[in-house]
Amino acid sequence: MAPFLRVKVVKCEAGTSITQNGIKFDPFVAVNVKECVLGGNEGVRGTLVQKKKTLYPEWGSCFDSHLKDGRVVQMVLMSKPDKLVSECNIGLQMLADKCRNQSIGGTGTDVWLDLKPDGRLLLQVKLFVEQEDLSQQQQDELPTRTIQARRGAIKKAKVHIVKGHELTARFFHQPTFCSVCKDFMWGINKQGYQCKECAIAIHKKCTLHILTTCSKSAHRSDATMYLKERFKINMPHRFKVHTYMKFTFCDHCGSMLYGLMRQGVKCEECGTNAHHKCYRKMPHTCGVNQALLAAALEKINKLPSVEDKSNDKIEPQEQGVYEDVTFLKAAKNHERPHSMSNFPQPHESEYDQLWNTQSERPKAHEAPAGLHPVAAPRPSAQRQPPKPAPRTTAPTQKFSSEDFKFLKVLGKGSFGKVLLAELKGKGKYYAIKALKKDVVVEDDDIECTMVERRVLALGCSHPYLTHLFCTFQTKEHLFFVMEYLNGGDLMFHIQASGRFAEQRARFYSAEIALGLQFLHSKGIVYRDLKLDNVLLDSDGHTKIADFGMCRERTGEENKATTFCGTPDYIAPEILQGKKYSFGVDICSRRIIKKKMLLGQSPFHGEDEEELFHAIQQKQPIYPRWMPRDAVDCVQKLLEKNVTKRLGVISDVRDHKFYSSIDFEKLEKRQIDPPFKPKVRSASDYSNFDKEFLNATTRLTQADKDVIQSLDQNLFRGFSFVNPQGRNLLKNSQAPR
170 MAPFLRVKVV KCEAGTSITQ NGIKFDPFVA VNVKECVLGG NEGVRGTLVQ KKKTLYPEWG
230 SCFDSHLKDG RVVQMVLMSK PDKLVSECNI GLQMLADKCR NQSIGGTGTD VWLDLKPDGR
290 LLLQVKLFVE QEDLSQQQQD ELPTRTIQAR RGAIKKAKVH IVKGHELTAR FFHQPTFCSV
350 CKDFMWGINK QGYQCKECAI AIHKKCTLHI LTTCSKSAHR SDATMYLKER FKINMPHRFK
410 VHTYMKFTFC DHCGSMLYGL MRQGVKCEEC GTNAHHKCYR KMPHTCGVNQ ALLAAALEKI
470 NKLPSVEDKS NDKIEPQEQG VYEDVTFLKA AKNHERPHSM SNFPQPHESE YDQLWNTQSE
530 RPKAHEAPAG LHPVAAPRPS AQRQPPKPAP RTTAPTQKFS SEDFKFLKVL GKGSFGKVLL
590 AELKGKGKYY AIKALKKDVV VEDDDIECTM VERRVLALGC SHPYLTHLFC TFQTKEHLFF
650 VMEYLNGGDL MFHIQASGRF AEQRARFYSA EIALGLQFLH SKGIVYRDLK LDNVLLDSDG
710 HTKIADFGMC RERTGEENKA TTFCGTPDYI APEILQGKKY SFGVDICSRR IIKKKMLLGQ
770 SPFHGEDEEE LFHAIQQKQP IYPRWMPRDA VDCVQKLLEK NVTKRLGVIS DVRDHKFYSS
830 IDFEKLEKRQ IDPPFKPKVR SASDYSNFDK EFLNATTRLT QADKDVIQSL DQNLFRGFSF
890 VNPQGRNLLK NSQAPR
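Quick note on our numbering: the sequence shown kicks off at 170 and runs consecutively.
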């Protein structure tokens with residue numbers, strides 16, 4: 170951890186220029202933190218640059234600043250409203266030198282600063298630094314000041330580079346037209362792509378017809394220069410401010426030109442329309458129809474050359490008349506064709522059988538789950554389809570939001586809320602996760618939601634994964650009904666206790682390892698393991714929750730590439746943009762392990778850029794009091810090279826740190842937890858943050874415009890009652 174100073178502004182003494190003039194003096198302090206930026210040439214003196222906003226701490230309050238070479242703090246004494254009185258510049262290292270001999274647990278060192286032209290300012294400075302020879306008193310103090318608050322997970326959209334354009338899938342909230350073919354961009358999900366740099370909007374089908382390079386990011390690239398030499402289009406538009414008398418759309422970003430007068434600009438030659446903010450980004454294609462020109466070029470490229478004809482005579486085609494072209498292409502690229510999606514895969518039999526008993530059963534004329542639709546027999550028009558076989562079991566019970574009473578909010582975010590709910594008339598309590606459909610569609614998370622549902626249902630097969638009982642939906646929301654774990658999450662408990670004892674941290678990390686190994690055996694990578702997502706039941710056993718970041722069918726031949734996870738827990742290979750698999754979960758588990766043992770994260774940074782740099786380049790510091798086996802285990806889990814990481818090259822169970830744990834008994838929950846949370850009843854919510862508990866249980870309404878245009882068939886098949894959790898839902902114990 171980088172050392173930092175905590176500076177408390179105590180009081181000031183006015184100079185003679187203020188007291189003699191009899192001016193009303195109502196002082197306050199402004200703090201400017203400046204960095205030393207060196208010149209480009211050797212011997213050139215560096216300059217001080219302020220990169221962050223000015224701070225205005227109140228009297229008696231504190232501000233923190235990390236120690237860096239050349240960092241200077243400017244203390245400005247001002248009088249209200251905005252009159253500068255005096256100031257002082259001092260290096261942070263000088264302040265740190267004044268408090269090197271501070272007492273452990275003390276309030277800090279008093280430092281008087283002489284201001285210019287006159288006056289004095291009293292500061293109370295305390296230095297925080299991690300030392301290798303920490304005493305027992307320091308051990309108790311360290312976690313309480315370095316534990317970090319909750320942080321949400323991030324997931325970056327995939328970027329497709331086409332002629333310098335950084336295209337990402339986009340959900341357009343207003344009518345938008347394609348800038349290539351000029352047609353309307355239809356769709357109920359993400360209708361097309363938009364460049365992150367120049368904001369051009371295009372259809373997915375038109376991405377191959379783009380002729381011009383991005384005006385913001387690639388105008389000097391080698392590819393751009395090559396295209397200019399090979400095929401040059403450089404006809405600038407002659408734009409002029411124009412007032413439109415009817416609805417008009419921008420030919421660049423595709424959105425409407427708003428306003429009553431002078432809404433945009435129009436080319437005097439070709440009639441192209443654009444926003445005032447867009448016309449500078451438009452390529453020089455005046456009078457050029459990109460769609461027709463791209464089609465002509467594509468037709469020319471498809472013409473066979475003389476060399477191709479000669480090759481055709483020498484090399485016969487290997488593809489037969491009746492062979493499946495898509496299957497051959499997929500086999501070449503090591504991908505599975507769509508027609509093979511229903512065939513059994515390794516570790517998949519139990520996984521697929523779980524979903525053959527969904528509440529939304531296929532119709533009589535539809536193909537069975539294991540049969541390809543092409544081979545399914547179709548009913549004749551002259552005869553009626555056979556009647557379905559009579560039910561041999563009781564019909565599946567369906568649930569709705571009316572069956573539950575929402576009591577408290579357990580957690581919330583941009584996705585929706587997690588609520589404590591009571592099943593009416595039964596006295597049974599569940600945790601219900603409610604997602605807003607408009608947010609799911611706009612973030613393109615429909616498939617992720619379905620994956621989360623499947624993985625949650627699979628959790629009933631393992632004791633250390635949260636169990637799902639059923640799912641249902643309304644017009645605006647999706648609901649997951651899960652078991653209520655009233656022991657709270659590990660983040661809540663570590664914030665309360667500072668850090669965990671070695672025995673407790675070993676027990677939790679072992680149970681987490683078993684849960685992850687079960688997911689990995691099913692080809693599922695978790696990707697968002699953190700203290701917030703590990704819950705305790707009433708007995709003190711851990712359970713992994715929140716499977717929204719999971720990815721199915723992951724392996725060495727089918728690795729993931731999406732940038733996602735919580736910043737503090739992201740693995741180095743994700744930050745480096747490499748393909749990854751189960752090693753990222755092992756990397757996140759080692760961060761959790763060190764947080765539990767020390768009460769602090771192994772990597773730190775003032776912003777995400779510094780944090781990501783530390784994760785990729787720096788090695789964490791371990792205090793001497795930390796057990797040697799624990800240090801060795803964390804170091805091997807923190808290995809930057811994923812091929813050498815513990816858990817990838819060998820089983821983590823074999824490490825000496827876990828020698829005291831019988832994993833066979835642990836898998837059967839036959840080992841008593843070292844800590845049992847205080848739970849007064851089945852509906853007790855005292856182990857959750859008050860920040861969430863004080864929130865209203867009313868569900869946030871979705872965007873009406875999005876919901877009205879939304880095709881509800883996108884969520885077809887979501888409603889479901891888990892066959893493995895049905896008995897638990899029926900026979901769950903009443904609250905004690």
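Glycine included, every Cβ here is placed at the ideal spot set by N, Cα and C.
Inter-stretch contact (C-beta, 8 Å, three-pair minimum) for the stretch 235-244 and the stretch 197-204: yes
Through-space distance from residue 705 to residue 765, alpha-carbon basis: Counting from one through the sequence shown, the residue named residue 765 turns up at place 596. Counting from one through the sequence shown, the residue named residue 705 turns up at place 536. When rounded, the distance between both Cα atoms is 14 Å.
Rounded to a whole number of angstroms, what is the C-alpha to C-alpha distance between residue 407 and residue 435? As a working mapping, residue 407 is identified with position 238 in the sequence shown. As a working mapping, residue 435 is identified with position 266 in the sequence shown. Computed Cα separation, rounded: 8 Å.
Considering Cα atoms alone, identify which of 801, 883, 875 and 445 is closest to residue 427. In the sequence shown, counting from the first residue as 1, residue 427 sits at position 258. If we check each option's Cα against that of residue 427, 445 comes out closest.
Residue 587 to residue 460 span [Cα, whole Å]: Here residue 587 corresponds to residue number 418 of the sequence shown, with the count starting at 1. Here residue 460 corresponds to residue number 291 of the sequence shown, with the count starting at 1. Cα-Cα distance, rounded: 48 Å.
Excluding the 5 residues flanking residue 129 on each side, which residues of the same chain have their C-beta closer than 6 Å to its C-beta? The question about residue 129 has no answer here: the residues shown for the chain are numbered 170 through 905.
Supposed contact pair residue 333 and residue 382 - C-beta distance, whole angstroms, cut 8 Å: Here residue 382 corresponds to residue number 213 of the sequence shown, with the count starting at 1. Here residue 333 corresponds to residue number 164 of the sequence shown, with the count starting at 1. Indeed they touch by this definition, with Cβ atoms about 4 Å apart.
Could you check where the beta strand (DSSP E) with residue 754 kicks off and where it finishes? Here the question's residue 754 lines up with position 585 in the sequence shown. No beta strand (DSSP E) contains residue 754, which is instead part of the alpha helix (DSSP H) from 752-767.
Sequence-distant residues of the same chain with beta carbon closer than 8 Å to residue 110, five excluded per side: As displayed, the chain neither begins before 170 nor continues past 905, which places residue 110 out of reach and without an answer.
By the DSSP assignment, the beta strand (DSSP E) with residue 255 in it spans what residues? By 1-based counting over the sequence shown, the position of residue 255 is 86. Its beta strand (DSSP E) spans residues 252-260.
Helix, strand or coil, according to DSSP, for residue 601 in the structure here? Translated into positions along the sequence shown, residue 601 becomes position 432. Here residue 601 sits in strand by DSSP.
Can you give me the C-alpha to C-alpha distance between residue 842 and residue 672, rounded to a whole angstrom? Along the sequence shown, one-based indexing puts residue 842 at 673. Along the sequence shown, one-based indexing puts residue 672 at 503. Those two C-alpha atoms are separated by around 10 Å.
When burial is assigned at 16 or more other CB atoms within 10 Å of the CB, is residue 651 buried or exposed? Mapped onto the sequence shown, residue 651 falls at position 482. Buried, since its Cβ has 16 or more Cβ neighbours within 10 Å.
Pick out whichever of 734, 773 and 235 has its Cα sitting closest to the Cα of residue 756. Locating residue 756 in the sequence shown gives position 587, where the first residue counts as 1. Of 734, 773 and 235, the residue nearest in Cα terms is 734.
Hey, how far is the Cα of residue 247 from the Cα of residue 183? In the sequence shown, residue 247 corresponds to position 78, counting from 1. In the sequence shown, residue 183 corresponds to position 14, counting from 1. Taking the straight line joining both Cα atoms gives about 11 Å.
Skipping 5 residues on each side, what residues in its chain have a beta carbon closer than 6 Å to that of residue 635? Here residue 635 corresponds to residue number 466 of the sequence shown, with the count starting at 1. Cβ neighbours of residue 635 beyond the five flanking positions: 628, 651, 712 and 714.
Would you identify the three-state DSSP class for residue 745, choosing helix, strand or coil? For the purposes of this step, residue 745 is taken as residue 576 along the sequence shown, with counting starting at 1. Residue 745: coil per DSSP, three-state reduction.
Exposed or buried, residue 863, counting other C-beta atoms within 10 Å across all chains shown (16 or more means buried)? Here residue 863 corresponds to residue number 694 of the sequence shown, with the count starting at 1. Residue 863 should be labelled exposed.
Kindly indicate which three-state DSSP category residue 830 falls into: helix, strand or coil? As a first step, residue 830 must be located in the sequence shown, where it is residue number 661. Residue 830 falls in the coil class under three-state DSSP.
Which residues share a DSSP beta bridge with residue 219? Your numbering for residue 219 matches position 50 in the sequence shown. Paired residues: 203.
For residue 677, the nearest candidate out of 343, 693 and 660 (CA to CA): Counting from one through the sequence shown, the residue named residue 677 turns up at place 508. Cα-wise, what sits closest to residue 677 is 660.
Report the CB separation of residue 729 from residue 694 in whole angstroms; it is logged as a contact under 8 Å. As a position in the sequence shown, residue 729 is number 560, starting the count at 1. As a position in the sequence shown, residue 694 is number 525, starting the count at 1. Correct: roughly 6 Å between the Cβ atoms.
For residue 637 and residue 598, I'd like the C-alpha separation in whole angstroms. Within the sequence shown, numbered from 1, the residue matching residue 637 stands at position 468. Within the sequence shown, numbered from 1, the residue matching residue 598 stands at position 429. Near 13 Å, if we compare the C-alpha coordinates of residue 598 and residue 637.
How far does the beta strand (DSSP E) with residue 175 in it reach, from first residue to last? Against the sequence shown, residue 175 aligns to sequence position 6. Residues 173-182.
Using 9 Å as the threshold, is the C-beta distance between residue 289 and residue 367 below it? Residue 289 sits at position 120 when you count from the first residue of the sequence shown. Residue 367 sits at position 198 when you count from the first residue of the sequence shown. Contact: no.
Which of the three DSSP states is assigned to residue 856 in this structure? Residue mapping note: residue 856 aligns to position 687 of the sequence shown, counting from 1. Coil.
For residue 604 and residue 830, what's the separation of their Cα atoms in angstroms? One-based indexing of the sequence shown puts residue 604 at position 435. One-based indexing of the sequence shown puts residue 830 at position 661. Between residue 604 and residue 830, the C-alpha separation is close to 39 Å.
Anyone know if the C-beta pair for residue 834 and residue 801 falls short of 9 Å? Here residue 834 corresponds to residue number 665 of the sequence shown, with the count starting at 1. Here residue 801 corresponds to residue number 632 of the sequence shown, with the count starting at 1. Result no, Cβ atoms of residue 834 and residue 801 do not sit closer than 9 Å.
Would you please state the rounded distance, in angstroms, between the beta carbons of residue 889 and residue 622? I believe it to be under 8 Å. Here the question's residue 889 lines up with position 720 in the sequence shown. Here the question's residue 622 lines up with position 453 in the sequence shown. Indeed, because the Cβ distance is near 7 Å, the residues count as touching under 8 Å.
Residue range of the alpha helix (DSSP H) that includes residue 874: Within the sequence shown, residue 874 is the residue found at index 705, counting from 1. Unbroken alpha helix (DSSP H) run through residue 874: 873-878.
Which runs of the alpha helix (DSSP H), 4 residues or longer, sit entirely within the stretch 578-662? 606-611 and 615-627
To which residues does DSSP link residue 724 through a beta bridge? Here residue 724 is taken as the residue at index 555 of the sequence shown, counted from 1. According to DSSP, which records beta bridges pairwise, residue 724 is partnered with 727.
My output table needs one value for residue 685: the three-state DSSP class, helix, strand or coil. Taking the sequence shown and counting its residues from 1, the one referred to as residue 685 is at position 516. Correct three-state label for residue 685: helix.
C-alpha gap between residue 126 and residue 654, whole angstroms: In the structure as shown, the chain begins at 170 and stops at 905. Residue 126 is therefore absent and cannot be evaluated.
Is it buried or exposed for residue 218, if we count other Cβ within 10 angstroms and need 16 for buried? Start at 1 with the first residue of the sequence shown, and residue 218 comes out as number 49. Exposed: under 16 other Cβ atoms inside 10 Å.
In whole angstroms, what separates the C-alpha of residue 810 from that of residue 881? Residue mapping note: residue 810 aligns to position 641 of the sequence shown, counting from 1. Residue mapping note: residue 881 aligns to position 712 of the sequence shown, counting from 1. Spanning the two alpha carbons is a distance of roughly 45 Å.
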